[in-house]
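These notes concern the structure reproduced below.
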Amino acid sequence: MTPGCCSEALPSWLRRGLADLFPAGADPDPDQRLEDRLEAAARAGRPLRVKLGIDPTGAEIHLGHSLLFRKLRAFQDAGHTAVLIIGDFTARIGDPTGKSTTRVQLDAAAVEANAATYLRQLGEGQDPQRALLDFSTPGRLEVRRNSEWLAGLDLPAVIDLLAISTVGQMLAKEDFGRRYGSGTPISLHEFLYPLLQGYDSVAVQADVELGGTDQKFNVAMGRDLQRHFGQRPQFGLLLPILPGLDGVQKMSKSLGNIVGLEEDPLSMYSKLEKVPDAVVDDYLTLLTDLDLMGLPVNPRERQRAMALEITRQRHGPEAASQAQADAARLVGGAGGSGAADAEVPEASLAQVNFPAKAFYLIGAIGIGVSSSEAKRKIQDGGVRLDGEKLLDPNQEFASAAELQGKVLQLGKKTFRRFR
């Protein structure tokens with residue numbers, strides 16, 4: 030959390046992990062102080078409307094995405110209304126934030142399919158104790174699609190929106206400015222994205238909008254548009270960008286440094302307990318509610334506590350404890366006996382053509398590793414079969430029966446039992 034970004038008058042659940050709050054002035058005007066708007070809402074018995082917009086441009090949610098949903102859930106648990114906006118319209122444009130080129134536009138069917146998987150991963154139809162968001166308690170969640178209001182905008186309305194901002198303001202957005210300076214093309218429709226996303230705040234009358242630190246321009250645009258349309262402007266609450274498993278770059282599927290929300294307990298725990306020491310406290314602050322002062326000082330024990338808690342949140346205490354024990358057996362050199370006792374996710378051999386060489390086998394079982402990557406991992410000594418190192422990428426296996434029940438280990442994070 031950025032020191033001094035937030036008033037001590039705000040509740041601790043709200044301040045935890047925040048990187049930025051705006052406005053955050055000392056002015057007693059409730060439009061300048063979030064704590065005053067919270068108090069006014071409590072006196073009036075009116076929950077705040079807390080907006081979070083997501084563009085379903087992919088199908089998988091990872092822990093990096095979950096920071097915002099955790100904060101949105103904290104607002105729900107405090108009695109406020111989460112307004113989750115599925116950007117089924119804006120996803121067809123694509124958020125230009127962080128992009129060096131124009132994004133490929135998705136069709137409506139792809140966006141809707143992704144939206145359905147997002148909602149399932151967020152907890153739709155699930156026990157709210159385990160889910161990221163509470164879909165069950167009346168009045169705690171609105172799920173809206175921004176095509177409700179954006180698809181019907183006529184040309185005069187679009188021109189009105191465009192008139193609110195200037196080209197200079199758009200080029201002040203870091204991504205646009207960098208691209209313009211380097212001569213990289215910027216399509217005109219990309220300038221519409223922040224305006225349409227900001228108009229979402231008008232449509233749902235948001236009191237608060239959540240976003241990552243890279244979304245400040247878009248969130249501020251929402252404030253501008255609310256003023257233009259005569260509404261009280263929302264507050265912007267920004268959270269940091271979670272470092273990935275490498276501890277350096279942001280968590281991103283394209284960088285291969287993610288933990289997916291739907292990963293099995295062993296994979297999730299094994300990845301998390303190898304997070305670099307420098308970012309363990311970031312994970313604890315942003316992904317758990319644990320008191321950091323009450324945790325072990327020893328870096329390894331602190332790492333394990335973090336991995337156990339995050340796995341518990343997603344899979345429950347029994348599965349998390351089992352994953353911790355299995356990881357210790359599998360990585361601790363227990364070999365075949367350890368593998369036999371461990372609960373390990375399975376990998377089917379049904380699609381493998383035998384006889385099969387080791388590097389081909391690993392690439393064919395659907396764990397996201399190509400044959401060329403598998404060959405390199407074997408040559409680097411990072412692959413084991415029931416605890417024994419595979420040394421030759423061309424080692425041949427005659428049949429599936431030869432491998433049934435054995436555990437494949439890639440590095441210290443990935444385990445699969447053949448079936």
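Numbering (our numbering), first residue to last: 30 to 448. Heads up, the beta-carbon is just placed ideally off N, CA and C, and yes, glycines get one too.
Spatial distance of residue i from residue j (CA atoms)
| i | j | result |
| --- | --- | --- |
| R159 | E153 | 11 Å |
| E177 | D204 | 28 Å |
| A103 | V326 | 27 Å |
| A354 | V360 | 10 Å |
| L50 | T146 | 31 Å |
| E330 | L43 | 27 Å |
| D117 | L217 | 20 Å |
| R208 | Q198 | 14 Å |
| D38 | V373 | Note on identity: in this sequence residue 38 is Ala, with Asp being the wrong assignment. Looking at the two C-alpha atoms, the distance is approximately 47 Å. |
| S400 | T195 | 50 Å |
| D163 | A427 | 50 Å |
| R78 | Q61 | 17 Å |
| L313 | I396 | 28 Å |
| A120 | F220 | 14 Å |
| S230 | L179 | 12 Å |
| D183 | P214 | 27 Å |
| Q380 | A139 | 27 Å |
| H109 | R358 | 44 Å |
| R66 | L239 | 16 Å |
| R18 | S95 | This structure does not reach residue 18, given that the chain is present from 30 up to 448, and the question cannot be answered. |
| Y298 | Q255 | 43 Å |
| A363 | A336 | Legend: pLDDT at A363 = 46, less than 50; position of this residue unreliable, no value from coordinates given. |
| A73 | I193 | 33 Å |
| L101 | A111 | 6 Å |
| D320 | L225 | 39 Å |
| L432 | F447 | 6 Å |
| E450 | E64 | Lying outside 30 to 448, the shown extent of the chain, residue 450 is not represented and no answer is given. |
| G416 | A356 | 13 Å |
Exposure of residue i, with buried meaning 16 or more beta-carbon neighbours within 10 Å
| i | result |
| --- | --- |
| A137 | exposed |
| M322 | exposed |
| P262 | buried |
| K80 | buried |
| K418 | exposed |
| N423 | exposed |
| L420 | exposed |
| C35 | buried |
| E68 | exposed |
| D236 | buried |
| G285 | exposed |
| A186 | exposed |
| V277 | exposed |
| A430 | exposed |
| S283 | exposed |
| S296 | buried |
| E425 | exposed |
| S377 | exposed |
| P223 | buried |
| R99 | buried |
| S41 | exposed |
| T166 | exposed |
| D106 | exposed |
| D84 | buried |
| G410 | exposed |
| G1 | Since the first residue shown for the chain is 30 and the last is 448, residue 1 is missing from the structure and cannot be characterised. |
| G434 | exposed |
| E302 | buried |
| G212 | exposed |
| G181 | exposed |
| R445 | buried |
| A71 | exposed |
Anticipated Cβ contact below 8 Å, residue i with residue j, distance rounded
| i | j | result |
| --- | --- | --- |
| T86 | N175 | No, T86 and N175 are not in contact; Cβ-Cβ is about 14 Å, not under 8 Å. |
| L315 | P269 | 7 Å |
| P272 | H344 | About 23 Å separates the two Cβ atoms, so there is no contact after all. |
| A349 | T340 | 4 Å |
| E227 | D253 | Contrary to the premise, residue 227 reads as Gly rather than Glu in this sequence. Confirmed, Cβ separation roughly 7 Å. |
| V248 | G265 | 4 Å |
| Q150 | E291 | 6 Å |
| R173 | V233 | 6 Å |
| I114 | G82 | 4 Å |
| T242 | A48 | 5 Å |
| M250 | H91 | Contact flag wrong, Cβ pair sits at about 26 Å. |
| K245 | L267 | 6 Å |
Residue i: CB within 8 Å of a non-hydrogen atom of the ligand NAP
| i | result |
| --- | --- |
| L182 | The ligand NAP is absent from the structure shown, which contains no ligands of any kind. |
Could you tell me whether the stretch 303-312 touches the stretch 380-390, using the rule of 3 or more Cβ pairs below 8 Å?
-> no
Which residue spans inside the stretch 396-446 form an unbroken beta strand (DSSP E) run of at least 3?
-> 412-414, 436-439
Check whether the stretch 404-414 touches the stretch 433-440, taking contact to mean three or more Cβ pairs, one atom from each stretch, closer than 8 Å.
-> yes
Tell me the start and end of each unbroken alpha helix (DSSP H) in the stretch 92-127 that is at least 4 residues and wholly inside, in chain order.
-> 92-106
What are the uninterrupted segments assigned as alpha helix (DSSP H) that are 4 or more residues long and contained completely in the stretch 172-196, given in chain order?
-> 176-179, 184-191
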